[in-house]
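The structure appears right after this line, and notes come after that.
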Amino acid sequence: MLPWLSAHPVQFPPVSQALDQPSGLLAAGGTLEPAWLLAAYRQGIFPWYSDNQPILWWSPDPRTVLFPEELHVSRSLAKRVRNGGFKVTFNRAFAAVVTACSAPRPEQDGTWITQEMQDAYLTLHQLGYARSVEIWDNKALVGGLYGVALGPVFFGESMFSHRRDASKIALVHLVQAMRHDGGKLIDCQMHTQHLARLGARNIARADFIGYLDTYLAVSKASENQPPLPCWSLPSACPI
Numbered sequence: 302m303l304p305w306l307s308a309h310p311v312q313f314p315p316v317s318q319a320l321d322q323p324s325g326l327l328a329a330g331g332t333l334e335p336a337w338l339l340a341a342y343r344q345g346i347f348p349w350y351s352d353n354q355p356i357l358w359w360s361p362d363p364r365t366v367l368f369p370e371e372l373h374v375s376r377s378l379a380k381r382v383r384n385g386g387f388k389v390t391f392n393r394a395f396a397a398v399v400t401a402c403s404a405p406r407p408e409q410d411g412t413w414i415t416q417e418m419q420d421a422y423l424t425l426h427q428l429g430y431a432r433s434v435e436i437w438d439n440k441a442l443v444g445g446l447y448g449v450a451l452g453p454v455f456f457g458e459s460m461f462s463h464r465r466d467a468s469k470i471a472l473v474h475l476v477q478a479m480r481h482d483g484g485k486l487i488d489c490q491m492h493t494q495h496l497a498r499l500g501a502r503n504i505a506r507a508d509f510i511g512y513l514d515t516y517l518a519v520s521k522a523s524e525n526q527p528p529l530p531c532w533s534l535p536s537a538c539p540i
């Protein structure tokens, strides 16, 4: 029986209770209020559901992560980063990035980034937790990504490209900024070939939780304080 979460208090079951099929499904219910989302990320949990479903919470095993020092940049991608003519900003157009990410992909009938999800992450952005990277071609937003930053961990949510390699370029710049500012880990949630080619790999959920316990130990003491590195500041922060 899948646990049903009431609106209060904010309390998740242990991630060890997540289902094997579908992999990682942990609970349903709760809300998308900031307290719920922040508590979820700190415990290695994230929401993922469709319009016709209740809020579903997941903690898959294994977990796909990218360690900044393991980013793989091919020669062609490195050339695009250097000579593509794109402008890169941080946190300048968060809502536009989320809207672009919410558009159904060619192989999809709908989107999991529902209006409710968009509103929830915009609130997190206004509080200083949800961050974005934007790729511009002149004044056109052509790529980007967004997620949640807690301490030295970035929990990736989604990315999009309207130009070749634009989302990859956003990830490269995110990693460069994290390396500069002491970032330790990017949570990619689930495995894709796209992410694997960039250096993301699977680790056991228990190991992932161990990293969170270590990296977020200091920030747990101040739940209401947003992170401070360049890549998570509320204002635009170009590299």
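Remember, the numbering used here sits 301 above the position in the sequence shown when you count from 1.
Just so you know, even glycine gets a beta-carbon here, dropped at the ideal spot from N, CA and C.
Less than 8 angstroms between the beta carbons of residue i and residue j, yes or no?
| i | j | result |
| --- | --- | --- |
| G445 | S433 | yes |
| I510 | V366 | no |
| K485 | Y516 | yes |
| R506 | R343 | no |
| S377 | A319 | no |
| V311 | A329 | no |
| F387 | I487 | no |
| M479 | S468 | no |
| E435 | A501 | no |
| H309 | L499 | no |
| L327 | F313 | yes |
| L513 | V454 | yes |
| D438 | R464 | yes |
| Y430 | V399 | no |
Since residue i is in the beta strand (DSSP E), which residue starts that stretch and which ends it?
| i | result |
| --- | --- |
| Q490 | L486 to Q490 |
| A441 | A441 to L451 |
| T493 | Careful: T493 lies outside any beta strand (DSSP E) and carries neither H nor E. |
What residue range is occupied by the uninterrupted alpha helix (DSSP H) comprising residue i?
| i | result |
| --- | --- |
| T424 | Q416 to Q427 |
| R406 | R406 -> no alpha helix (DSSP H), and no H or E assigned at all. |
From residue i to residue j, what distance separates their C-alpha atoms?
| i | j | result |
| --- | --- | --- |
| D362 | A396 | 31 angstroms |
| P348 | Q416 | 14 angstroms |
| G325 | Y350 | 13 angstroms |
| W358 | A336 | 14 angstroms |
| T390 | P405 | 24 angstroms |
| A441 | F368 | 30 angstroms |
| T424 | L451 | 15 angstroms |
| V382 | S462 | 14 angstroms |
| L303 | C489 | 24 angstroms |
| D321 | I346 | 15 angstroms |
| V449 | I356 | 18 angstroms |
| H426 | D420 | 10 angstroms |
| T412 | L496 | 20 angstroms |
| V316 | A379 | 38 angstroms |
| G331 | G385 | 44 angstroms |
Taking only three categories from DSSP, how would you classify residue i?
| i | result |
| --- | --- |
| R464 | coil |
| V434 | strand |
| Y512 | helix |
| S459 | strand |
| T412 | coil |
| R393 | coil |
| P535 | Any reading at P535 must be qualified, since the residue scores a pLDDT of 41, below 50, and its modelled position is unreliable; the value itself is stated next. P535 falls in the coil class under three-state DSSP. |
| A522 | The predicted model places A522 with a pLDDT of 46, which falls under 50 and marks its position as unreliable, so this point remains unresolved. |
Does any heavy atom of the ligand ZN sit closer than 7 angstroms to the C-beta of residue i?
| i | result |
| --- | --- |
| K388 | As for the ligand ZN, it is missing from this structure, which has no ligand bound. |
TODO: Please go through the region 302–377 and give each complete beta strand (DSSP E) segment of 3 or more residues, from N-terminal end onward.
DONE: 326–330, 357–359 and 364–367
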